[in-house]
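K.L.:
First residue of the sequence shown: 62, per this note's numbering; consecutive thereafter.
First, the structure itself, so that you have it in front of you.
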Amino acid sequence: MQIPQFLHPPRTTLRNPWFRYAIPVLMGMMIAAFVSLWPDIQCRVFAQCSARDLWCNGDCSQVCQPATSVGYVASCSPVIIPGGSYCDDDFRSDVCAVRCTDPNNCNVTQQVTGGACSGRLRQQGGYSTWNVGRCPSYAADPSCKVQTRYTRVDCCGGSSGGGGGGGGGGCEPEYAPPAIALSEYTPPYPIVIGQDPDEIGVDIVLTATGGNKTNGCDGDDQASITGLSIVQVKLSDATVTWITGYLAQRFPGADILDSYPFVPAFTTSLNGSTATLNAHLDPLDPGWYEVQAQATQDDGQSITATVQIPVYLLDSTITLP
Numbered sequence: 062m063q064i065p066q067f068l069h070p071p072r073t074t075l076r077n078p079w080f081r082y083a084i085p086v087l088m089g090m091m092i093a094a095f096v097s098l099w100p101d102i103q104c105r106v107f108a109q110c111s112a113r114d115l116w117c118n119g120d121c122s123q124v125c126q127p128a129t130s131v132g133y134v135a136s137c138s139p140v141i142i143p144g145g146s147y148c149d150d151d152f153r154s155d156v157c158a159v160r161c162t163d164p165n166n167c168n169v170t171q172q173v174t175g176g177a178c179s180g181r182l183r184q185q186g187g188y189s190t191w192n193v194g195r196c197p198s199y200a201a202d203p204s205c206k207v208q209t210r211y212t213r214v215d216c217c218g219g220s221s222g223g224g225g226g227g228g229g230g231g232c233e234p235e236y237a238p239p240a241i242a243l244s245e246y247t248p249p250y251p252i253v254i255g256q257d258p259d260e261i262g263v264d265i266v267l268t269a270t271g272g273n274k275t276n277g278c279d280g281d282d283q284a285s286i287t288g289l290s291i292v293q294v295k296l297s298d299a300t301v302t303w304i305t306g307y308l309a310q311r312f313p314g315a316d317i318l319d320s321y322p323f324v325p326a327f328t329t330s331l332n333g334s335t336a337t338l339n340a341h342l343d344p345l346d347p348g349w350y351e352v353q354a355q356a357t358q359d360d361g362q363s364i365t366a367t368v369q370i371p372v373y374l375l376d377s378t379i380t381l382p
């Protein structure tokens, strides 16, 4: 008996070459997707981490601890260095105990330690923030009064395997500005080139130091210096007046010989949180030379400071202004 054509089972489309190649590819893609999603499936379906842990990091790689500790800038003190004064911070690390009790996130909800830690916690934009404080630049406030500065704080830390502490969840370390100081100059009594038979001139060494960390977030204790350079060298205003006034009267024809400002050749050595700059001057004029330098650190903050170098005449009876 002949079966009608329409009752024949259709020929499987697997005989089509396109399907023979597509099916393995599709299966491979499904397997790859499953493997990539498996950590999230474990986390969400098998409850290997809580909603609080997920808030810290969506892949369950961090744990929301029940408590942590944070710090603050207790005081700022002026450090007076010729041409490079700055405000030094007294940062008290991890002295304020706090708790995180919200079942849905890991924000800090309760301040435990009183005293100087009181009144520093507040909620802002759905996150807990903490008044860490900071020191101003010396130029802006020579009294170095502590300024208000809030930063995010939570109890995220460690890993899903246990351990860890607070301060994660987007907490970024913040730093005070860098500082510049005159390390040394040699010889100790530089003489103008025109009166020095050896024409020694003067060698200058400047140092820059990265700012100290001002909050309790994970990170280096000091910022790294990324640049240190001389902006310009010039005579002080008092020196210009002294040369064109007193010296010109005592020695007729005395005048300023060099052109100012100028930038001498220099070399800089960067070494993490510190940097050293070496320069040489061949001074034509006596008096006080103002060397203006600039330092930059890796968080983008920079500072410009001026240090003074004396240059003498051979006549020891003539004092500098």
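Glycine included, each C-beta is placed from N, C-alpha and C at the ideal position.
With distances taken between CB atoms, is the gap from residue 338 to residue 327 smaller than 8 Å?
P.N.:
A contact, by the Cβ cut-off of 8 Å.
K.L.:
If we ignore side chains and look at the alpha-carbon of each, how far apart do residue 188 and residue 210 end up?
P.N.:
Each residue's alpha carbon lies about 15 Å from the other.
K.L.:
Please look up how many angstroms separate the CB atoms of residue 356 and residue 239, rounded, as I've assumed it's under 8 Å.
P.N.:
The Cβ separation is near 4 Å, so the contact holds.
K.L.:
Is it buried or exposed for residue 347, if we count other Cβ within 10 angstroms and need 16 for buried?
P.N.:
It is buried - the Cβ of residue 347 has at least 16 other Cβ atoms within 10 Å.
K.L.:
If you measure between the beta carbons of residue 342 and residue 294, is that distance less than 8 Å?
P.N.:
Yes, Cβ-Cβ distance for residue 342 and residue 294 is below 8 Å.
K.L.:
Please report how far the alpha carbon of residue 162 lies from the alpha carbon of residue 173, in whole angstroms.
P.N.:
Straight-line Cα distance between these residues: approximately 12 Å.
K.L.:
Starting from the N-terminal side, write out each stretch of the beta strand (DSSP E) that is 3 residues or longer and does not extend beyond the segment 151-236.
P.N.:
The segment 151-236 contains these whole beta strand (DSSP E) runs: 182-185, 188-192 and 211-213.
K.L.:
Can you give, in chain order, each stretch of the beta strand (DSSP E) that sits fully within the segment 261-321 and has at least 3 residues?
P.N.:
263-270 and 286-296, all fully within the segment 261-321.
K.L.:
Using DSSP with H/G/I as helix, E/B as strand and the rest coil, what is residue 381?
P.N.:
Of the three classes helix, strand and coil, the one that applies to residue 381 here is coil, per DSSP.
K.L.:
Quick one: what's got a C-beta closer than 8 Å to residue 180's C-beta in the same chain, skipping five residues either side?
P.N.:
The answer, listed in chain order, is 192.
K.L.:
Residues bridged to residue 149 by DSSP?
P.N.:
Answer by DSSP bridge pairing, in chain order: 138.
K.L.:
What residues in its chain sit with their C-beta under 7 Å from that of residue 375, if we drop five residues either side in the sequence?
P.N.:
Taken in chain order, the residues that qualify are 252 and 256.
K.L.:
Work out the CA separation of residue 148 and residue 126 for me, nearest whole Å.
P.N.:
Answer to the nearest angstrom: the Cα atoms are 35 Å apart.
K.L.:
What does the Cβ neighbour count give for residue 380, buried or exposed, with the cut at 16 atoms within 10 Å?
P.N.:
Exposed, since its Cβ has fewer than 16 Cβ neighbours within 10 Å.
K.L.:
Could you give the first and the last residue of the continuous alpha helix (DSSP H) run that contains residue 331?
P.N.:
That residue, residue 331, is in no alpha helix (DSSP H); its beta strand (DSSP E) goes 327-332.
K.L.:
With the cut-off set at 8 Å, would you say residue 269 and residue 365 are in Cβ contact?
P.N.:
In this structure, residue 365 does not lie closer than 8 Å to residue 269 by Cβ.
K.L.:
Shortest alpha-carbon distance to residue 264 belongs to which of 136, 382 and 250?
P.N.:
Considering only alpha carbons, the answer is 250.
K.L.:
Ordered along the chain, which non-local residues of its own chain (more than five positions away) have a Cβ less than 7 Å from that of residue 168?
P.N.:
Counting only Cβ-Cβ distances below 7 Å, and skipping sequence neighbours, we find 161, 188, 189 and 215.
K.L.:
Residue 107 by DSSP, collapsed to three states: which one?
P.N.:
Low local confidence applies: a pLDDT of 49 at residue 107 is under 50, so the model's placement there is unreliable, with the coordinate-based value given in what follows. If DSSP states are grouped into helix, strand and coil, residue 107 belongs with coil.
K.L.:
Apply the 10 Å Cβ neighbour rule to residue 307 and answer buried if 16 or more other Cβ atoms are within range, or exposed otherwise.
P.N.:
It is exposed - the Cβ of residue 307 has fewer than 16 other Cβ atoms within 10 Å.
K.L.:
Rounding to the nearest angstrom, what Cα-Cα distance links residue 165 and residue 114 in this structure?
P.N.:
So the alpha carbons of these two residues sit roughly 9 Å apart.
K.L.:
I think residue 112 touches residue 130, with their Cβ atoms under 8 Å apart; what is that distance to the nearest whole Å?
P.N.:
Actually they do not touch by this definition, with Cβ atoms about 24 Å apart.
K.L.:
Rounded to whole angstroms, what is the Cα-Cα separation between residue 340 and residue 267?
P.N.:
Roughly 9 Å between the two C-alpha positions.
K.L.:
Where residue 155 and residue 205 are concerned, what is the direct C-alpha to C-alpha distance, given to the nearest angstrom?
P.N.:
For residue 155 and residue 205, the distance between alpha carbons rounds to 23 Å.
K.L.:
Please report the Cβ distance between residue 407 and residue 291, rounded to the nearest whole angstrom; I am assuming they are in contact, meaning their Cβ atoms lie under 8 Å.
P.N.:
Since the first and last residues shown for the chain are 62 and 382, residue 407 lies out of range.
K.L.:
If you drop the 5 nearest sequence neighbours on each side, which residues of the same chain put their C-beta closer than 7 Å to that of residue 171?
P.N.:
If we look at residue 171 and ignore the five residues flanking it on each side, its Cβ neighbours are 159, 160 and 162.
K.L.:
Going by DSSP in three states, residue 393 sits in which element: helix, strand or coil?
P.N.:
Here the chain covers residues 62 to 382 and nothing more, so residue 393 does not appear.
K.L.:
Classify residue 358 as helix, strand or coil using the three-state DSSP reduction.
P.N.:
Strand at residue 358.
K.L.:
If you reduce the DSSP assignment to three classes, tell me which class residue 338 lands in.
P.N.:
Note: residue 338 maps to strand in three-state DSSP.
K.L.:
Quick check: what's the CA-CA separation for residue 314 versus residue 303?
P.N.:
Going from the Cα of residue 314 to the Cα of residue 303 covers about 14 Å.
K.L.:
Rounded to whole angstroms, how far is the Cβ of residue 385 from the Cβ of residue 285, which I believe are closer than 8 Å?
P.N.:
The shown model of the chain, from 62 to 382, leaves out residue 385, and the question about it has no answer.
K.L.:
Rounded to the nearest angstrom, what separates residue 382 and residue 369 at their Cα positions?
P.N.:
One C-alpha to the other measures close to 13 Å.
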